[in-house]
Amino acid sequence: MSPAVQTKDLPGFDAPTTWSGPLLEVIDLKTYFDTPRGIVKAVDGVSFTVEQGKTIGIVGESGSGKTVLSRSVMNLLPKRAAIPAGGQILFQGKDLRKVSNKEMREIWGKEIAMVFQDPMTSLNPVVKIGRQITESLRHHLDLNKREANETAVSLLRSVGLPAPERRLNEYPHQLSGGMRQRVTTAIALACGPRLLIADEPTTALDVTVQKQILDLLQTQQRDRHMGMMLITHDLGVVANRADDIVVMYAGQVVERAATKTLFKSMRHPYTEALLRSIPRIENRSHTLLEAIPGRPPDLANLPQGCRFAPRCRYAQDRCVTENPDLFLAEQPGHEYRCFFPVGTDAGKDALAHNSAVGHTATGTPVSIHGSAAEAELVV
Amino acid sequence: MPDQTGPVDAGNATTTATGTTAGTTTRTTTEPRNGADPYSRDTDNAREAHFESELEAAEIAGQVTSVAEPVVARRKKRSGILFWAALAWVGLVIFLALFASFLPFKDPNLPDIPNKLEPPFGEGGVLGNDGLGRDVLARLAYGARVSLQISFAAVAVGIVVGGTFGMLVGYFRGKLEAGVMALINIILAFPALILLLYIVSVVGQSLSAITVAISFLSIPVYTRVARATTLAVAQREYVLAARALGATDARILFREIMPNVILPVAAFGLVALGTIIVAEGSLAFLGLSVEAPAATWGSMIAEGKRHLSETVWVALIPSIVMFLTVLSLNFVGDILRSRFDVKESAL
Amino acid sequence: MAGSGKAHLRPGRDDVVLSVEDLVVEFPAGGGKKVHAVSNISFDVAKGETLGLVGESGCGKSTTGRAIMQLPRPTGGSVRLGDRELTKLKGEELRRTRTQLQMIFQDPISSLNPRRKIKDIVGEGISIWGKKTGNGDARSRVDQVLIDVGLDPDTVGDRRAHQFSGGQCQRICVARSLVLDPEVIICDEPVSALDVSVQAQILNLLEQMKDRYQLTLIFIAHDLAVVKNISDRVAVMYLGKMCEIGPAEGLYADPAHPYTHALLASIPQPDPNIEALELETLEGELPSPIDPPSGCRFRTRCPRAEERCAEEEPLMREVAERHFVACHFPLVGDTAPPDAGIPVKVRATA
Numbered sequence: 089m090s091p092a093v094q095t096k097d098l099p100g101f102d103a104p105t106t107w108s109g110p111l112l113e114v115i116d117l118k119t120y121f122d123t124p125r126g127i128v129k130a131v132d133g134v135s136f137t138v139e140q141g142k143t144i145g146i147v148g149e150s151g152s153g154k155t156v157l158s159r160s161v162m163n164l165l166p167k168r169a170a171i172p173a174g175g176q177i178l179f180q181g182k183d184l185r186k187v188s189n190k191e192m193r194e195i196w197g198k199e200i201a202m203v204f205q206d207p208m209t210s211l212n213p214v215v216k217i218g219r220q221i222t223e224s225l226r227h228h229l230d231l232n233k234r235e236a237n238e239t240a241v242s243l244l245r246s247v248g249l250p251a252p253e254r255r256l257n258e259y260p261h262q263l264s265g266g267m268r269q270r271v272t273t274a275i276a277l278a279c280g281p282r283l284l285i286a287d288e289p290t291t292a293l294d295v296t297v298q299k300q301i302l303d304l305l306q307t308q309q310r311d312r313h314m315g316m317m318l319i320t321h322d323l324g325v326v327a328n329r330a331d332d333i334v335v336m337y338a339g340q341v342v343e344r345a346a347t348k349t350l351f352k353s354m355r356h357p358y359t360e361a362l363l364r365s366i367p368r369i370e371n372r373s374h375t376l377l378e379a380i381p382g383r384p385p386d387l388a389n390l391p392q393g394c395r396f397a398p399r400c401r402y403a404q405d406r407c408v409t410e411n412p413d414l415f416l417a418e419q420p421g422h423e424y425r426c427f428f429p430v431g432t433d434a435g436k437d438a439l440a441h442n443s444a445v446g447h448t449a450t451g452t453p454v455s456i457h458g459s460a461a462e463a464e465l466v467v
Numbered sequence: 080m081p082d083q084t085g086p087v088d089a090g091n092a093t094t095t096a097t098g099t100t101a102g103t104t105t106r107t108t109t110e111p112r113n114g115a116d117p118y119s120r121d122t123d124n125a126r127e128a129h130f131e132s133e134l135e136a137a138e139i140a141g142q143v144t145s146v147a148e149p150v151v152a153r154r155k156k157r158s159g160i161l162f163w164a165a166l167a168w169v170g171l172v173i174f175l176a177l178f179a180s181f182l183p184f185k186d187p188n189l190p191d192i193p194n195k196l197e198p199p200f201g202e203g204g205v206l207g208n209d210g211l212g213r214d215v216l217a218r219l220a221y222g223a224r225v226s227l228q229i230s231f232a233a234v235a236v237g238i239v240v241g242g243t244f245g246m247l248v249g250y251f252r253g254k255l256e257a258g259v260m261a262l263i264n265i266i267l268a269f270p271a272l273i274l275l276l277y278i279v280s281v282v283g284q285s286l287s288a289i290t291v292a293i294s295f296l297s298i299p300v301y302t303r304v305a306r307a308t309t310l311a312v313a314q315r316e317y318v319l320a321a322r323a324l325g326a327t328d329a330r331i332l333f334r335e336i337m338p339n340v341i342l343p344v345a346a347f348g349l350v351a352l353g354t355i356i357v358a359e360g361s362l363a364f365l366g367l368s369v370e371a372p373a374a375t376w377g378s379m380i381a382e383g384k385r386h387l388s389e390t391v392w393v394a395l396i397p398s399i400v401m402f403l404t405v406l407s408l409n410f411v412g413d414i415l416r417s418r419f420d421v422k423e424s425a426l
Numbered sequence: 002m003a004g005s006g007k008a009h010l011r012p013g014r015d016d017v018v019l020s021v022e023d024l025v026v027e028f029p030a031g032g033g034k035k036v037h038a039v040s041n042i043s044f045d046v047a048k049g050e051t052l053g054l055v056g057e058s059g060c061g062k063s064t065t066g067r068a069i070m071q072l073p074r075p076t077g078g079s080v081r082l083g084d085r086e087l088t089k090l091k092g093e094e095l096r097r098t099r100t101q102l103q104m105i106f107q108d109p110i111s112s113l114n115p116r117r118k119i120k121d122i123v124g125e126g127i128s129i130w131g132k133k134t135g136n137g138d139a140r141s142r143v144d145q146v147l148i149d150v151g152l153d154p155d156t157v158g159d160r161r162a163h164q165f166s167g168g169q170c171q172r173i174c175v176a177r178s179l180v181l182d183p184e185v186i187i188c189d190e191p192v193s194a195l196d197v198s199v200q201a202q203i204l205n206l207l208e209q210m211k212d213r214y215q216l217t218l219i220f221i222a223h224d225l226a227v228v229k230n231i232s233d234r235v236a237v238m239y240l241g242k243m244c245e246i247g248p249a250e251g252l253y254a255d256p257a258h259p260y261t262h263a264l265l266a267s268i269p270q271p272d273p274n275i276e277a278l279e280l281e282t283l284e285g286e287l288p289s290p291i292d293p294p295s296g297c298r299f300r301t302r303c304p305r306a307e308e309r310c311a312e313e314e315p316l317m318r319e320v321a322e323r324h325f326v327a328c329h330f331p332l333v334g335d336t337a338p339p340d341a342g343i344p345v346k347v348r349a350t351a
């Protein structure tokens, strides 16, 4: 990006922070939903920390609970449906779970801001872009109209939107998808939040635009020394942008580590399978992909044991009956939820055993090479 | 931004069960999936991006199908009593209309001047006697026949003729569509009551003439509803897939389009039943429905109006009956429609 | 980019099943203007080959796919399937010929009629044309394709689409497209609506089906890694024109067109040792297809653009074996910059 404007000039850039601890601490967070089919455990005991000025990548497929997680942190979940079943969300030491909506309003935008997946639905289609930005500026920062407009222009310029003065008077539908996401980013950054939550910010965008937006988020995060939660289903998006990565599966953290550690010595079979199932550009054409068989479990009807066991090529009898806790790996801060971790002797033995028998403990067939067969017969 | 989007999101999510998919699932219910794209001025680029996210939403929605359906079940329970009461009332009215001549009613047109304006539960009929001493209950039952015959006929004609037209023009588009829609807009722009008055004055006041007139006037609305639904359905990829398999237009219309258009149109028809009952009432009130002495609800109210200074019963009872009937129809129609909608969204 | 020109066609080969020449698709845009969705695209596909069509949204790749099917008919150009010219066929003949081409779409859920049973959806082709020879009756044919795509016909047949996940719906779509034994299947973003773990299942399934049914595939997608994985040849499109076409390996290893290069550099790589911010980014926005730039359509965003690019439209020419590019200043050959950064190679050494 070529921000002509120095980010330092923007509001909130050097907001004094007296808080020196971790910016966000999520401890054993549980968010359930009461449905007629039973309790849906969308987020089930998730813990992680976002330090100031760091980016944490939250990776998971649809149904992994990553979106509910982000909305729980934002306190944006419907009170009627969601049960805050437990845990704490400490933002600069304050438990957001206990904060009223009125207090939350002072935190939204000013302290924590969010960039959503679909800019078309997060922008109001009938309100001009200028007003959508200045609204929160005027609310939180008490700027008058002229000041707010000036700030809005410099914000739009800093997110790389061409001709920002003109854009103020345009409506969202007059912009392309990438420009809209720049606008939502500008809105999110308007009041200089300490924490930015980006929930699949580029899923709806093309690959070149995706790179532009991710670069933008990364530069802004660095310049402003914000904490960022980058939520995505694509390991490629976070691999070289996040400091730490949390991999989620069926509402739980299955692995958490510093990014380099995770890619170098991953322990959880799901992380491994996820990475192996992505087509890689370095591979030759027609390389058989190692698909993960089956599909994620029903969150209202979870298996008794490990939640990944039915799709896991390492699965043993123990995995069927017992859901592992998070174990510590050698590297500090590296945790995984598996009895037979990848790259360990236990894991190798489990794989060898399954290959020899021809199937895993849950009955998923395994080929001689140890990859789980993928044909999925619906029963 | 969170200030604006936050509460909206929360609101969106309340109706669905799982949070992950809450916003998206609801969105598909409230937004036309294809067709009526509100951002049609977008570049191709932007529109494709918009679609992509929509598709994603559909994908996610697909994952929670099994969750979405029980939500319906729960809603059913909550509105259960009212729904059944409304259904029972509609059933009662239909029953009375069908079997009026077999039930032990007095002759609805037999005057009994000495007992005129008898209040309900008095010397006269159960619901009292009108200004000529005729039994109000009997007249209501026979009047229901008129109301129901006209409204069912109008809805049936509307669905069959209007629905077919709408489907055809929505599928084939082109000049035919432009012509038909222009015609329909003209008919719709014309004040319906005046048109009715005119038709009735020309063809006369027989039950069948009035039925034909009202039926004719109800065609345009159905054409519009069917056309709008068809436009959306015709863009679905399964229609394209059927073409790729070599299906003829007729086959696509019958197999792919019609099953998806008929439910929304029929649900609309259910709600429209009530409107037509009221329309017939207005006509009767103006003395232009079926000729006296035959009873219709509208003419009963009109007659009762003359006796308002002496007693309110005569006008009030048919009014209440009409009110309850229309309300029940709307209520049943709404619930059925919302059930279709939710099912749609879960797809 | 613009590439027009047909140097890359292979008229001499006798195993070409589908050949597209000078395909033009325009839509009215109101005010007498036209959207130039596809402008003079030519390519051919040989029997058993998979051609990847890659490009960003708005590049006309999906429109190309549909124009091949004559849904709707292209504005100009020719589409030949075997020895039949599809653009000239009408009525029943077109419908019958079209069954040799099938499509799989992006949104598996919108591709299946919610009101019909799976067995009817999959059996639709047979019920239109009657049973095919040699495969027993219609019922067993439907069962067979369902088994082939990894679904159990007895449990699946009587259900409706909403009871399945996205991946399963896509399997059903594959089954439907196979039932009439087509020559060519056009896959229009078949995996982009799916979760990564499911995406691999469908890609592998397509490869298996290609072998089993001796298919020729046209695989349209925006994800370059996915396209490379499944394709023998890859064609890159930008704003209605073809920029580059070549064997998948060669094209990815030595992209000749600056746009291909930029696309490859934009892909997020699951490798923490690459500093994302240091990779180059394609700046700017896609120009409007209503009023595309003169000459090479990519010139407005091209780091290598010169005056000539605005005046003269580049034609396809061969820069490496079977590797063609429509660019005046390609990144390989004599015009290659001394420091040509080849993204994939850079990564391999990083």
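Chains as they are written, first to last, in our numbering: chain A, 89 to 467; chain B, 80 to 426; chain C, 2 to 351.
Even for Gly, the Cβ is constructed at its ideal location relative to N, Cα and C.
Counting along the chain, the unbroken alpha helix (DSSP H) around B:S280 starts and ends at A271 to V282. The residues F184, K185 and P187, in chain order, have a CB closer than 6 Å to that of B:A217 in the same chain once the five nearest residues on each side in sequence are set aside. Contact annotation for C:L179 against chain B: no contact, minimum CB-CB distance about 11 Å [criterion: below 9 Å]. Under the three-state reduction of DSSP output, A:L157 falls in the helix class.
Of the residues assessed, B:L267 falls on the exposed side of the cut-off, its CB having fewer than 16 other CB atoms within 10 angstroms. With respect to chain A, the C-beta atom of C:L225 has a partner C-beta closer than 8 Å. In the DSSP assignment, C:H37 falls within the unbroken beta strand (DSSP E) covering K35 to A47. Non-local beta-carbon contacts of C:R74 in its own chain, meaning distances under 8 Å to residues more than five positions away in sequence, involve A68 and T88 in chain order.
Bridge pairing for C:S79: C:E22 [DSSP]. A Cβ-Cβ distance of about 17 Å is found for the pair B:A326 and C:I105, leaving them out of contact under the 8 Å criterion. By the rule that beta-carbons nearer than 8 Å mark a contact, B:E256 does not touch chain C. Less than 8 Å divides the Cβ of C:P273 from the Cβ of A:A327. Burial check for A:S188: the Cβ neighbour count within 10 Å stays below 16, so the residue is exposed.
Rounded to the nearest angstrom, the gap between the Cα atoms of B:L352 and B:L408 is 7 Å.
The DSSP-derived three-state label of C:R305 is coil. At a cut-off of 8 Å between C-beta atoms, C:D255 does not count as an interface residue with respect to chain A. Contact note: C:G126 reaches chain B through L324 and G325, using a C-beta cutoff of 8 Å and chain order. Taking the Cα positions, B:G159 is about 39 Å away from B:L196. Distance from the CA atom of A:Y358 to the CA atom of C:T156, rounded to whole angstroms, is 29 Å.
Residue pairing by DSSP puts B:D214 in a beta bridge opposite B:N208. Per DSSP, A:G133 is one residue of the beta strand (DSSP E) stretching across G126 to V138. In the structure shown, the three-state DSSP call for A:Q340 is strand.
Residues of chain C whose Cβ lies closer than 8 Å to the Cβ of B:P338 are, in chain order, N114, R116 and R117. Here the alpha carbons of C:C174 and C:V143 stand approximately 12 Å from one another.
About 20 Å separates the beta carbons of C:V237 and C:L204, which is beyond the 8 Å limit, so they are not a contact pair. Bridge partners of C:P293 according to DSSP: none are assigned.
Excluding the 5 residues flanking it on each side, C:D16 has same chain C-beta neighbours closer than 6 Å at A47 and K48, in chain order. Under the DSSP assignment, B:G353 falls outside any beta strand (DSSP E), being part of the alpha helix (DSSP H) whose first and last residues are M337 to F364. B:L319 reaches chain C at R67, M70, L72, M104, F106 and S112, counting residues in chain order whose Cβ is nearer than 9 Å. Counting along the chain, B:M246 sits inside the alpha helix (DSSP H) bounded by residues G242 to F251.
In the three-state reduction of the DSSP assignment, C:C188 falls in the strand class.
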